[in-house]
Amino acid sequence: MPELPDITAYLTALEPRIVGQPLEHLRIASPLLLRTAIPRIETIEGHTVTSLRRIGKRIVFVFNSTPSEPCALSPEPAVPGQLAGRGGEPLFLVLHLMIAGRLHWRDLKPNAERPKLGGRNNLAAFDFPHGSLTLTEAGTKRRASLHLVQGEAALADLDPGGLDILSATPEAFQQALTQENRTLKRALTDPRVLSGIGNAYSDEILHAAQLSPLAQTHKLTLEECTRLHTATLTTLQTWIARFNAKAQESFPEKVTAFRPEMAAHGRYQQPCPRCGSPIQRIRYADNETNYCPTCQTHGKVLADRSLSRLLGDDWPRTLEELEALRKK
Ligand SMILES: [Zn+2]
350 MPELPDITAY LTALEPRIVG QPLEHLRIAS PLLLRTAIPR IETIEGHTVT SLRRIGKRIV
410 FVFNSTPSEP CALSPEPAVP GQLAGRGGEP LFLVLHLMIA GRLHWRDLKP NAERPKLGGR
470 NNLAAFDFPH GSLTLTEAGT KRRASLHLVQ GEAALADLDP GGLDILSATP EAFQQALTQE
530 NRTLKRALTD PRVLSGIGNA YSDEILHAAQ LSPLAQTHKL TLEECTRLHT ATLTTLQTWI
590 ARFNAKAQES FPEKVTAFRP EMAAHGRYQQ PCPRCGSPIQ RIRYADNETN YCPTCQTHGK
650 VLADRSLSRL LGDDWPRTLE ELEALRKK
C-alpha cells in the first residue's frame, strides 16, 4: 500500500506536471472507482489544478472553482448542490490508492494519441495538455476510490483525523498514541491515530525504535514513547528524502512496500542489519508483521498463528528454541 513516503513522492512528481494545468478530460473505466454523485464528475473537466495536498494516504487535487474555458461545461441548468450555486469554493478530487492502486504518467507526444484505458487494471485517465496521468489497480479487488467534493468542509469530512506526524509535537504524539490501549502495531497503522503510516513503515519504525509490535501503548514508558516518536520522524523523513530525490528525476513508476534498504519489513529470515538475528514474522489473513526478536522483543519469538497451529505446544518461545527447531 502506498504510504506517506510514496504519496509524497507522487506529489513531488505531479507538481511540475499538472499544477497550473487544466484537466481537459477525465476518463473513468471502472464504475466502482467514483464514490460521489454530486457535483457530477464531468463538471471538473476544464478546471485548472491550483495545488496538490495530502490527507493521510489520500492524494488531493485542488481545482479552481470556475473552469478555465466556460464553453467546456455542458450548458445544463444548475440544480441545488451543483457547482453553479456554490461559486468561489475550490473543488477537490480526492484519490485513495488503497493497497494496489498506482499512478503512471505518459507525456503527450506531438500527434500522438492519449493512452487507451484497455485492460481490466486500468481504472481512470486524467488528461492534461502535456500528458496523461493514469490510475491502475492490480488484482481482482476494486478498493481504490475517487471523490469529487466542493469546499473545505466537504474535504474535511474525508479526513479520518489521524495526527500529521511530521508537524506533531512529542506531547501530541504521545496523547494520540495512548488515547486507547492498543498494540503499537495497531496504533501506528490506525489512520484515526496517525496519518499516512501502514504495514511497511510501521515495521521499519518499530525496528528503529527497538520496540515490540505487540507492546501495549498504555504500558509505554515516557522514554519509550519519546524513542518511538523520534524513530517515527527519522524513519519517515529518511524515506521521504530518498523518494523525493528520485521523484525529481522521473515519475515514480515502481511504488512497492518492499525495498532492499528496509531493515525488517518483507525481510523474513534475512539477517537484521543491526544485530544479524533472522527477522521473524507474525502472519495475518493477508499480510504480516516483521520484527527482530533480539532488537525488539528481548529475544522472544511472538506467536505466529499458522506456525503455532502446526506446532501446537511445541511453539518456540525464544529465538534459541526456534533456531534449535530449524536445525532438527
Ligand atoms: Zn536485530
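Converting from the sequence shown to the working numbering requires adding 349 to each position, the first position being numbered 1. Just so it is clear, CB atoms sit at the ideal spot from N, CA and C, and this is done for glycine as well. From a predicted model like this one, the values you see are computed outputs, not experimental measurements.
*How is Ala362 classed by DSSP in three states: helix, strand or coil?*
helix
*For Tyr550, does the count of other Cβ atoms within 10 angstroms reach 16, so buried, or fall short, so exposed?*
buried
*Three CB pairs or more closer than 8 Å across the stretch 596 to 603 and the stretch 611 to 622*: no
*Closer than 7 Å: is that where the CB of Arg576 sits relative to any heavy atom of ligand 1?*
no
*Cut-off 7 Å between Cβ atoms - residues of its own chain near His374, not counting five sequence neighbours on either side*: Glu394 and Asp476
*Measure the C-alpha to C-alpha separation of Thr399 and Gly625 and round it to an integer number of angstroms.*
49 Å
*Can you give me the Cβ contacts of Val409 inside the same chain, cut-off strictly under 6 Å, excluding the 5 residues immediately before and after it?*
Arg402, Phe441 and Val443
*asked:* Can you determine whether any heavy atom of ligand 1 sits closer than 7 Å to the C-beta of Thr643, and answer yes or no?
replied: yes
_Rounded to the nearest angstrom, what separates Val650 and Cys644 at their Cα positions?_
11 Å
*Determine the extent of the beta strand (DSSP E) in which Asn471 is found, giving its start and end residues.*
Asn471 to Phe477
*asked:* I'd like to confirm the pairing. Which residues does DSSP put opposite Arg451 in its beta bridges?
replied: Thr485
_Ignoring anything shorter than 4 residues, give me the alpha helix (DSSP H) runs that lie fully in the stretch 480 to 537, in order along the chain._
501 to 505 and 519 to 526
*asked:* On the criterion of 16 or more Cβ atoms from any shown chain inside 10 Å, does Thr357 qualify as buried, or is it exposed?
replied: buried
*Which full runs of the beta strand (DSSP E) of 3+ residues lie inside the stretch 593 to 644, going along the chain?*
629 to 632 and 637 to 640
_Thr397 - DSSP class collapsed to helix/strand/coil_ = strand
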